[in-house]
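Numbering (our numbering), first residue to last: 477 to 934. C-beta: ideal position from N, C-alpha, C; glycine also. The structure displayed is predicted, hence computed values, not measured ones. So the structure is just underneath, and the comments pick up after that.
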Amino acid sequence: MTRFSFCGASEDRLMKKLFSSYNVKVRPARSPEERVVVRIGMTLSLFNMKDEEMNTIVIMNLEWNDYRLSWNPKDYGGIDVLRIPSGKVWLPDIVHVQAYSNGRVTLTPPALYKCSCGVKVTYFPFDWQNCTMVFRSYTYDSSEVDLQHGLDKRGNEIREIVYDTGFKSGEWHIRHKVSRKNVREDLYEDITFCLIIERKPMYYVFNIILPCILITIIAIFNFYLPPDAGEKMGLSINVLLTLTVFLLLLANKVPETSLGVPIIVNYLMFTMILVTFSVILSVVVLNLHHRSPNTHQMPLWVHKIFIHMLPPYLGMLRPKEETPLFLEKPAKKENTQAISRVADEYFIRKPNNTNFLFPKHHRYQPDGPCTDLRKFIDGPSHYLTLPPDLKAAVEAVTYIAEQLQAEKDYEALKEDWQYVAMVVDRLFLWIFVIFTTLGTLGIFADASFNATPTDPFP
477 MTRFSFCGAS EDRLMKKLFS SYNVKVRPAR SPEERVVVRI GMTLSLFNMK
527 DEEMNTIVIM NLEWNDYRLS WNPKDYGGID VLRIPSGKVW LPDIVHVQAY
577 SNGRVTLTPP ALYKCSCGVK VTYFPFDWQN CTMVFRSYTY DSSEVDLQHG
627 LDKRGNEIRE IVYDTGFKSG EWHIRHKVSR KNVREDLYED ITFCLIIERK
677 PMYYVFNIIL PCILITIIAI FNFYLPPDAG EKMGLSINVL LTLTVFLLLL
727 ANKVPETSLG VPIIVNYLMF TMILVTFSVI LSVVVLNLHH RSPNTHQMPL
777 WVHKIFIHML PPYLGMLRPK EETPLFLEKP AKKENTQAIS RVADEYFIRK
827 PNNTNFLFPK HHRYQPDGPC TDLRKFIDGP SHYLTLPPDL KAAVEAVTYI
877 AEQLQAEKDY EALKEDWQYV AMVVDRLFLW IFVIFTTLGT LGIFADASFN
927 ATPTDPFP
């Protein structure tokens with residue numbers, strides 16, 4: 477107890493001695509020509525950037541010599557350090573200070589600094605930002621106060637921002653944290669701390685970019701669905717709505733500025749435009765698929781390009797049509813009645829429009845063996861008269877053949893339109909794949925040119 481009382485009395489006596497005639501407004505210089513050396517250092521504890529403002533929690537390390545605060549420790553019970561409120565001592569207008577027996581004064585105030593940074597969002601989230609903090613005295617010029625870098629324990633100058641214990645940032649990676657002393661023409665000095673930070677894009681890659689790529693792949697497979705599938709239009713519209721939701725969610729993550737459009741927004745808009753075109757192209761494909769000879773007549777150039785020319789280049793091969801069956805004259809027994817022979821000949825020779833009884837071979841393949849049969853029928857022959865009942869039966873069979881052939885022609889033309897729709901759908905598929913691949917690579921390859929500068933002070 478006696479020892480503590482003695483220390484308290486010595487400290488009280490020392491405080492009275494130091495501040496009996498101390499003036500906080502007077503610069504601690506023995507002569508007007510003497511410069512007060514102030515060393516400045518910075519320790520970074522935490523920083524957060526939002527929009528165009530960066531909030532930093534730092535500890536400023538200021539140190540200078542005040543000859544009025546020097547004493548002999550032996551005269552005051554071995555006291556070599558005093559903790560003095562900052563309001564009682566001269567401050568370099570830049571909290572408690574520490575005064576040492578040799579006159580050295582240190583000021584390490586924790587502070588929250590807000591600095592405005594011109595955020596460049598063009599390459600967001602693959603961007604980097606340059607936030608610079610300048611410290612200077614607005615009261616004294618360089619002839620009165622000499623600003624210098626802080627010193628470490630070995631007495632070497634610290635020309636960078638020091639990390640505080642436990643400092644870690646999950647959003648930013650610090651590339652440069654250097655400091656530099658600047659002397660201006662107006663004799664004012666400053667210490668500039670340059671903080672160049674690079675964004676860590678992992679969060680945006682896995683939560684926004686990768687889902688968008690997967691959605692785009694789904695949009696590509698939309699063209700692989702058969703045109704008559706009812707889910708074709710529904711899938712396209714659902715993909716478009718999903719991208720719209722992603723764009724709304726991204727609006728809260730992107731800095732609000734009109735100086736540039738972020739690269740991730742460009743990619744979303746590019747994907748949305750492609751999906752919008754996929755909806756439009758799906759409508760075109762469905763329109764072609766549901767056409768029929770009753771509503772549309774296929775132009776010759778459409779038949780030539782989309783049925784004969786494009787399919788081989790698109791990896792499509794139309795199944796070959798089955799070889800039409802040829803009507804053959806049945807074998808007759810020697811004892812067949814004469815009326816049967818007459819009916820057989822009439823059945824083959826009588827109708828004027830033989831195309832319905834003999835299929836159009838030139839539609840799918842060159843003329844077959846039926847040519848000889850036609851020549852035989854069209855050759856010299858004599859006409860025989862059939863009974864009325866047999867004649868009516870032959871006319872009925874002819875009518876049925878005509879209807880069957882007309883229905884077959886109708887289905888063939890309808891299948892041609894459906895095949896054209898398939899070819900157009902496959903063509904759109906390859907166009908969509910090419911544009912999506914080139915656009916994605918082009919947009920994100922541009923971000924590789926946004927490299928962090930090697931020299932923070934160009």
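Per-residue burial, residue i [other beta carbons within 10 Å of its own, 16 or more giving buried]
i, result
"isoleucine 910", "exposed"
"leucine 719", "buried"
"alanine 872", "exposed"
"arginine 517", "Here residue 517 turns out to be glycine, not arginine, going by the sequence shown. Counting Cβ neighbours within 10 Å, glycine 517 comes out buried, since at least 16 surround it."
"phenylalanine 600", "buried"
"threonine 692", "buried"
"phenylalanine 933", "exposed"
"leucine 793", "exposed"
"tyrosine 680", "buried"
"valine 621", "buried"
"glycine 626", "buried"
"serine 734", "exposed"
"leucine 914", "exposed"
"alanine 897", "buried"
"lysine 708", "buried"
"methionine 678", "exposed"
"glutamate 661", "exposed"
"threonine 930", "exposed"
"aspartate 603", "buried"
Reduced DSSP category for residue i - H, G, I as helix; E, B as strand; rest coil
i, result
"asparagine 524", "strand"
"isoleucine 910", "helix"
"cysteine 607", "strand"
"glycine 626", "strand"
"leucine 790", "coil"
"tryptophan 554", "What sits at residue 554 in the sequence shown is glycine, not tryptophan. Glycine 554 falls in the coil class under three-state DSSP."
"threonine 916", "helix"
"glutamate 707", "helix"
"arginine 544", "strand"
"aspartate 843", "Reliability of the predicted coordinates at aspartate 843 is poor, the pLDDT of 44 falling under 50, and the value obtained from them is presented with this limitation in mind. Three-state DSSP puts aspartate 843 in coil, outside helix and strand."
"asparagine 531", "strand"
"glycine 517", "strand"
"glutamine 881", "helix"
"asparagine 714", "helix"
"asparagine 683", "helix"
"glutamate 510", "coil"
"leucine 538", "strand"
"glutamate 620", "coil"
"glycine 565", "The sequence given here has valine at residue 565, not glycine. Looking at valine 565 - three-state DSSP - the assignment turns out to be coil, as it is neither helix nor strand."
"isoleucine 560", "strand"
"tyrosine 700", "helix"
"tyrosine 639", "strand"
"arginine 902", "helix"
"arginine 489", "helix"
Unbroken alpha helix (DSSP H) run spanning residue i, endpoints
i, result
"cysteine 957", "Here the chain comprises residues numbered 477 to 934, so residue 957 is not present and cannot be evaluated."
"valine 730", "Run containing valine 730: none; DSSP gives neither H nor E here."
"valine 755", "739 to 765"
"isoleucine 691", "686 to 697"
"tryptophan 777", "776 to 779"
Start-to-end residues for the beta strand (DSSP E) that takes in residue i
i, result
"histidine 652", "648 to 659"
6 Å Cβ shell around residue i - same chain, five flanking residues per side excluded
i, result
"phenylalanine 904", "Phe699 and Leu757"
"arginine 651", "Ile672, Glu674 and Thr928"
"leucine 917", "none"
"lysine 653", "Glu636, Ile637 and Leu671"
"glutamate 761", "At residue 761 the sequence reads valine, which differs from the glutamate that was named. Excluding residues within five positions, the ones whose Cβ falls inside 6 Å are Pro703, Ala897, Val900 and Asp901."
7 Å Cβ shell around residue i - same chain, five flanking residues per side excluded
i, result
"aspartate 704", "His765"
"isoleucine 938", "There is simply no residue 938 to check, as the chain begins at 477 and stops at 934 in what is shown."
"threonine 752", "Leu716"
"glutamine 813", "Because glutamine 813 carries a pLDDT of 44, less than 50, the predicted location of this residue cannot be relied on, and no value is offered for it."
"tyrosine 614", "Asp569"
"serine 521", "Ile533, Val534, Ile535, Asp640 and Phe643"
"arginine 902", "Leu790 and Met792"
"valine 500", "Lys564, Val565 and Trp566"
Contacting residues, own chain, Cβ-Cβ under 8 Å from residue i (five flanking each side not counted)
i, result
"serine 768", "Tyr886, Leu889, Lys890 and Trp893"
Chain D contact for residue i (CB, 8 Å cutoff)
i, result
"leucine 866", "No chain D appears in the structure shown, which is made up of a single protein chain."
*Does the segment 773 to 791 come within contact of the segment 707 to 725, defined as at least 3 CB pairs closer than 8 Å?*
no
*Contact the segment 886 to 894 vs the segment 726 to 733: 3+ CB pairs below 8 Å*: no
*Would you check if the segment 600 to 610 and the segment 535 to 553 touch, i.e. whether three or more CB-CB distances between them fall below 8 Å?*
no
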